[in-house]
Amino acid sequence: MAILLEMKKLIYILFFISTFSWAQTPEKVTSFRKEVSLNSSWETIVLDKLPEQEESFVQNPKVDAQWQKVNVPHNWDQYYGFLRTKHGNLHGTAWYQKTLKLDKSDSGRRLFLYFEGVSSYATVWVNGKKVGEHKGGRTTFTVDITDAVSFEKENNVMVKASHPAFIADLPWVCGGCSGEWGFSEGSQPMGIFRPVTLVVTNEVRIQPFGIHIWNDPKTSKEKAILNVTTEIKNYGNTNRNLTIVNTLLDTTGKEIVAVQSEIKSVLGETKELAQTFPEIQNPKLWSPSNPYLYQLSTMIYENGKIVDQLKTAYGIRWVSWPIDRTGKDNRFYLNDELLFINGTCEYEHLIGKSHSFSKEEIHSRIEQIKAAGFNAFREAHQPHNLEYQKELDENGMLFWSQFSAHIWYDTTEFKENFKTLLREWIKERRNSPSVVLWGLQNESTIPKEFAQECTKIIQEMDPSASSQRKIT
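The numbers in the numbering used here rise by one with no breaks, and the one at position 48 of the sequence shown is 48.
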């Protein structure tokens with residue numbers, strides 16, 4: 001009990017200096033986690049043909065290459081889709097590189113590169129060593145660069161962003177390559193079109209989007225019960241005895257409820273801990289008229305010392321859909337209050353930049369949507385920048401998030417990549433109170449059986465799916 005009291009004191013002290021959720025990726029520094037924006041000072045070039053000796057090119061990228069200086073987010077496809085030509089998308093391979101000088105005080109810690117969007121096929125090298133890959137682009141990925149970096153000299157980070165024609169193993173492709181000639185759905189990104197962040201942590205850390213919080217179906221205006229899972233990984237070479245403390249804070253930083261558990265973390269193991277908060281009396285509810293957001297503080301302790309912490313915004317609310325009720329009332333209710341949904345939809349495109357939006361540009365778009373009188377938003381038709389979801393949560397706008405494809409390839413590669421990206425999409429968005437619909441497909445061509453398989457995945461990852469959140 002004494003340990004818990006001391007931990008609570010530390011929570012209050014650290015409230016104003018702690019790091020926030022992954023969706024925000026600010027430049028924040030604490031003794032246990034550092035997040036530094038790497039958006040500036042990149043160089044890029046497009047090569048129509050891949051170098052015959054790719055590894056040699058990675059080792060000596062300056063040879064015969066006219067690199068352009070850019071900041072990211074950046075997109076070589078500047079919205080060619082609006083031309084509505086047979087191939088309205090730009091195809092090719094974009095290379096990016098930057099130098100990275102590390103703080104020697106971080107030696108001995110774990111270092112990661114967090115990419116929010118690189119399309120369509122991403123490969124990452126650090127100092128000529130391949131450190132990770134990702135397929136898809138519209139979801140995030142994190143690569144561990146600890147064993148590839150130097151603290152004595154500058155590091156070279158190189159990223160290959162390949163967007164070839166006739167992609168057949170991913171759901172988000174150029175329409176002109178899928179048999180729907182001229183149907184490009186705007187444009188497809190080619191490049192590092194979303195932010196990049198350096199994340200430095202201790203050997204025991206909370207995994208990316210490793211916090212999941214949701215309210216019990218019996219939540220009402222009088223009481224709420226919240227469930228939370230915490231996913232941690234031990235990157236060290238020894239087992240660890242850890243304490244996980246999850247604390248729900250109000251907007252002033254005052255503790256509402258807390259729960260604590262002891263676990264043993266095995267070296268190299270990823271572990272998920274499930275906890276349930278004590279009942280909350282008279283919870284403040286999230287709604288369009290009052291988008292109240294609690295802060296969930298997740299703290300990992302070893303021998304009474306904090307080794308990692310994240311904060312996650314969360315709004316308590318529940319939904320009642322007509323399809324779940326008997327009778328003739330076909331209206332939508334939020335927190336037992338009637339709500340008329342007046343929604344809009346937009347593509348994540350801007351001529352000259354296409355998908356490579358800044359936070360300010362996304363904020364501007366949401367302000368325009370609010371000014372027009374809308375209270376709901378549908379992303380067309382692939383997962384948008386995570387800043388959208390943050391804005392929607394804070395502004396009390398309902399969110400129909402979409403994972404869409406107009407194509408279907410009956411191959412093992414397509415189906416496995418589809419399900420991998422589906423899981424990433426759900427994991428990144430399931431904490432958001434604004435999300436009331438999971439949009440599985442748009443103008444769908446996928447078979448019923450595969451849609452049912454994907455629906456089951458969504459339901460397993462999000463206990464509120466099919467009840468609080470319908471799957472379209």
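Even glycine gets a Cβ: it sits at the ideal position worked out from N, Cα and C.
Since this is a predicted model, take the numbers as computed values, not measurements.
Inter-residue CB distance, residue i and residue j (contact presumed, cutoff 8 Å)
i, j, result
"residue 425", "residue 471", "Between residue 471 and residue 425 the Cβ distance is about 12 Å, and since that is not below 8 Å, they are no contact."
"residue 162", "residue 79", "So it is not a contact: roughly 19 Å between Cβ atoms."
"residue 212", "residue 229", "5 Å"
"residue 374", "residue 342", "5 Å"
"residue 297", "residue 275", "No, residue 297 and residue 275 are not in contact; Cβ-Cβ is about 13 Å, not under 8 Å."
"residue 98", "residue 41", "6 Å"
"residue 263", "residue 231", "With 8 Å as the limit, residue 263 and residue 231 do not qualify as a contact, their Cβ atoms being about 12 Å apart."
"residue 356", "residue 389", "Incorrect: roughly 18 Å between the Cβ atoms, too far for contact."
"residue 203", "residue 235", "5 Å"
"residue 46", "residue 67", "Actually they do not touch by this definition, with Cβ atoms about 11 Å apart."
"residue 423", "residue 457", "6 Å"
"residue 354", "residue 189", "6 Å"
"residue 214", "residue 467", "Not a contact, Cβ separation roughly 11 Å."
Strand pairing of residue i, partner residues [DSSP]
i, result
"residue 291", "286"
"residue 296", "248, 312"
"residue 438", "401, 471"
"residue 482", "Lying before the first or after the last residue shown, residue 482 is absent from the chain, which here runs from 1 to 472."
"residue 261", "244"
"residue 97", "43, 158"
"residue 148", "According to DSSP, which records beta bridges pairwise, residue 148 is partnered with nothing at all."
"residue 281", "223"
"residue 68", "44"
"residue 275", "228"
"residue 113", "143, 198"
"residue 473", "Not covered by the structure: residue 473. The range shown for the chain is 1 to 472."
"residue 191", "119"
"residue 89", "Looking at the DSSP assignment, residue 89 forms no beta bridge with any residue, so it has no partner."
Nearest residue (CA-CA) to residue i, options the options
i, options, result
"residue 54", "129, 253, 320", "129"
"residue 253", "295, 219, 273", "295"
"residue 362", "374, 372, 217, 348", "348"
"residue 201", "393, 114, 97, 259", "114"
"residue 138", "443, 330, 401, 99", "401"
"residue 335", "326, 299, 288, 345", "288"
"residue 198", "103, 326, 461, 58", "103"
"residue 316", "352, 222, 242, 386", "222"
"residue 387", "293, 327, 195", "195"
"residue 345", "38, 90, 333, 372", "372"
"residue 39", "146, 192, 364, 172", "192"
"residue 176", "134, 406, 453", "406"
"residue 440", "383, 331, 396, 397", "383"
"residue 170", "146, 337, 136", "136"
"residue 403", "420, 409, 339, 145", "420"
"residue 242", "291, 458, 257, 304", "304"
"residue 314", "396, 220, 467, 121", "396"
"residue 442", "112, 214, 133, 380", "380"
* Which runs of the alpha helix (DSSP H) fall wholly inside the segment 384-411 and span at least 4 residues, in chain order? -> Unbroken alpha helix (DSSP H) stretches of 4 residues or longer found wholly inside the segment 384-411: 386-395, given in chain order.
* To do: Report yes or no: do the segment 240-257 and the segment 275-290 share at least 3 C-beta pairs separated by less than 8 Å?
  => Because the criterion of three Cβ pairs below 8 Å is met, the segment 240-257 and the segment 275-290 touch.
* For the segment 318-388, which segments carrying the alpha helix (DSSP H) assignment without a break, of at least 4 residues, lie completely within its bounds, in sequence order? -> Scanning the segment 318-388 for uninterrupted alpha helix (DSSP H) segments of 4 residues or longer gives 359-371, listed from N- to C-terminal end.
* Asked: Is there contact here, the segment 144-162 with the segment 94-101, by at least three beta-carbon pairs under 8 Å?
  -> Touching, yes.
* **Stretch-stretch touch, CB-based, cutoff 8 Å, three pairs: the segment 142-159 with the segment 319-328** => Cβ pair count under 8 Å is below three, so no.
* To do: Tell me, please, whether the segment 414-429 touches the segment 449-460 by the rule of three or more beta-carbon pairs shorter than 8 Å.
  => Remark: three or more beta-carbon pairs, one from each stretch, lie closer than 8 Å, so the segment 414-429 and the segment 449-460 are flagged as touching.
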